[in-house]
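Residues 526 to 888 (our numbering) make up the sequence shown, in order.
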Amino acid sequence: MTKMANDHGAINLSQGFPDFEIDPKLISLVHEAMMKGQNQYATMLGVAPLRQILAQVIQKTYSHNVSWETDITVTSGATEGIFACISAFISPGDEVILFDPAYDSYDPAIRLNGGVPIQINLTFPGFSIDWDLVKKKITNRTKMIMVNTPHNPTGSVLKRSDLEELERIALQHNLIVLSDEVYERLMYDEQSHQSVLTLPGLASQSLAIFSFGKTFHATGWKMGYVVAPEYLSREVRKTHQFIVYSVNTPIQYAVSEYLKDSANYTRLGKFYQEKRDFFLEQMKGSSFRPLKTEGSYFQVFSYKHLSDKPDIEMAEEMTKNHKVACIPVSVFYKDRTDNRLLRFCFAKKRETLEKAAAILKKI
Ligand code: PMP
Numbered sequence: 526m527t528k529m530a531n532d533h534g535a536i537n538l539s540q541g542f543p544d545f546e547i548d549p550k551l552i553s554l555v556h557e558a559m560m561k562g563q564n565q566y567a568t569m570l571g572v573a574p575l576r577q578i579l580a581q582v583i584q585k586t587y588s589h590n591v592s593w594e595t596d597i598t599v600t601s602g603a604t605e606g607i608f609a610c611i612s613a614f615i616s617p618g619d620e621v622i623l624f625d626p627a628y629d630s631y632d633p634a635i636r637l638n639g640g641v642p643i644q645i646n647l648t649f650p651g652f653s654i655d656w657d658l659v660k661k662k663i664t665n666r667t668k669m670i671m672v673n674t675p676h677n678p679t680g681s682v683l684k685r686s687d688l689e690e691l692e693r694i695a696l697q698h699n700l701i702v703l704s705d706e707v708y709e710r711l712m713y714d715e716q717s718h719q720s721v722l723t724l725p726g727l728a729s730q731s732l733a734i735f736s737f738g739k740t741f742h743a744t745g746w747k748m749g750y751v752v753a754p755e756y757l758s759r760e761v762r763k764t765h766q767f768i769v770y771s772v773n774t775p776i777q778y779a780v781s782e783y784l785k786d787s788a789n790y791t792r793l794g795k796f797y798q799e800k801r802d803f804f805l806e807q808m809k810g811s812s813f814r815p816l817k818t819e820g821s822y823f824q825v826f827s828y829k830h831l832s833d834k835p836d837i838e839m840a841e842e843m844t845k846n847h848k849v850a851c852i853p854v855s856v857f858y859k860d861r862t863d864n865r866l867l868r869f870c871f872a873k874k875r876e877t878l879e880k881a882a883a884i885l886k887k888i
């Protein structure tokens, strides 16, 4: 969709990336690290100062103690973290439960490692997990269950009761939980992010995945990390070693400095909530009906009152004819469920959102 947006000169609210600059302080810190000569291979696990400050951030945020030495591994974005985790634990024939609509790297990562993806559709329109259905899908081949909160593409979030259910199931069936929490800081309406790290039983069987790309508006840096107890991290490190070995050195040092000021990550929720509210305000009076976004930087709209076209056709037409690009939600489903929904990314400047909404209101 980004290519189509560029080809047709459309405002691009499709792919999830900010169209505004990152904090100049962070750029200066990268520059300083480079000037100091921090330009050679980092240690395979991530540089010590970064893992040390991350252990403190995790303690402060989730009241969960992790060892910086054994439980944190810095990865080349969340995508590599996810792949390294799946490669570490999934062998041919192992089943992995995941929930559709889902971020697009999950299914191929499972299949590339010989695993069998078992997709379960989230409920509609709330996009929550039907835990009874999950219990029915568990077999003696089930090895892992993957969750994502706040959720891409729908903006739904897991609640405390979901985590408790997940914990019961994981412990009872001895499953590894892979929890994609890259939007951990993008939570709205006074809700707090429910990390798998907040329940001790669940944390003891979980791989939690995070990304600096989302937290610092720097998706092009491809920097993330995996948090897991030592016995799981040990295995992840074995695959990470031969996928990328190590991650960009100066950025690791810069981020470790930048994380010392907690405002640099805690202000994110308010910042993006304002963007969500601004976009929804601008869209008032349009024929697109918003679904609830509780986290992430995505807003889903239903267009079923407007047209009965399949969502892929609708998204293409909007990009080519109306010059606003978005993503059809059916592409995030294995079975291509089409509820006539479109996903818009609101990590954009006010003027971008204003211009897009002005067009969308006329459709
Ligand atoms: N998980 C989810 C749910 C995402 O939305 C994204 C980015 N779109 C990623 C993982 C990948 O993050 P990274 O860019 O750090 O690899």
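Even for Gly, the Cβ is constructed at its ideal location relative to N, Cα and C.
Cα-Cα separation between residue i and residue j, rounded to whole angstroms
{"i": "Ile-578", "j": "Gln-584", "result": "10 Å"}
{"i": "Met-843", "j": "Lys-550", "result": "38 Å"}
{"i": "Tyr-828", "j": "Asp-836", "result": "9 Å"}
{"i": "Thr-604", "j": "Ser-630", "result": "7 Å"}
{"i": "Ala-788", "j": "Met-712", "result": "15 Å"}
{"i": "Phe-614", "j": "Ile-663", "result": "17 Å"}
{"i": "Thr-740", "j": "Asp-532", "result": "29 Å"}
{"i": "Phe-545", "j": "Thr-744", "result": "12 Å"}
{"i": "Gly-534", "j": "Thr-877", "result": "13 Å"}
{"i": "Ile-635", "j": "Asn-564", "result": "34 Å"}
{"i": "Val-591", "j": "Ile-734", "result": "14 Å"}
{"i": "Arg-814", "j": "Cys-851", "result": "15 Å"}
Any non-hydrogen atom of ligand 1 closer than 7 Å to residue i Cβ
{"i": "Val-707", "result": "yes"}
{"i": "Lys-848", "result": "no"}
{"i": "Ala-743", "result": "no"}
{"i": "Gly-738", "result": "yes"}
{"i": "Gly-749", "result": "yes"}
{"i": "Tyr-822", "result": "no"}
{"i": "Ala-571", "result": "According to the sequence displayed, residue 571 carries Gly and not Ala. Gly-571 Cβ: outside cutoff for every heavy atom of ligand 1."}
{"i": "Thr-568", "result": "no"}
{"i": "Gly-618", "result": "no"}
{"i": "Ala-603", "result": "yes"}
{"i": "Asn-537", "result": "no"}
{"i": "Gly-680", "result": "no"}
{"i": "Tyr-797", "result": "no"}
{"i": "Asn-773", "result": "no"}
CB-CB length for residue i against residue j, believed under 8 Å
{"i": "Pro-642", "j": "Val-621", "result": "6 Å"}
{"i": "Ser-731", "j": "Val-721", "result": "4 Å"}
{"i": "Arg-497", "j": "Phe-871", "result": "In this structure the chain extends from 526 to 888, so residue 497 is not present and cannot be described."}
Which listed residue (the options) has its alpha carbon closest to that of residue i
{"i": "Leu-724", "options": "Val-761, Gly-745, Met-748 and Arg-685", "result": "Arg-685"}
{"i": "Gly-602", "options": "Asn-564, Pro-574, Lys-561 and Lys-747", "result": "Lys-747"}
{"i": "Gly-680", "options": "Arg-710, Met-559 and Tyr-783", "result": "Arg-710"}
{"i": "Tyr-750", "options": "Ala-609, Thr-586 and Met-529", "result": "Ala-609"}
{"i": "Phe-823", "options": "Glu-689, Ser-729, Thr-598 and Val-682", "result": "Val-682"}
{"i": "Val-899", "options": "Tyr-770, Leu-696, Ser-821 and Pro-543", "result": "Shown here, the chain extends from 526 to 888; a query on residue 899 therefore has no answer."}
{"i": "Ala-883", "options": "Arg-693, Glu-819 and Glu-806", "result": "Glu-806"}
{"i": "Lys-763", "options": "Val-707, Glu-690, Leu-637 and Gly-606", "result": "Gly-606"}
{"i": "Ala-728", "options": "His-742, Gln-716, Ala-753 and Tyr-708", "result": "Ala-753"}
Test: residue i CB closer than 8 Å to a CB of chain C
{"i": "Lys-886", "result": "Absent from the structure: chain C. Only one protein chain is present."}
Q: Output the residue ranges of the beta strand (DSSP E) runs that lie fully inside the stretch 627-679 and measure 3 residues or longer, sorted by chain position.
A: 641-646 and 667-673
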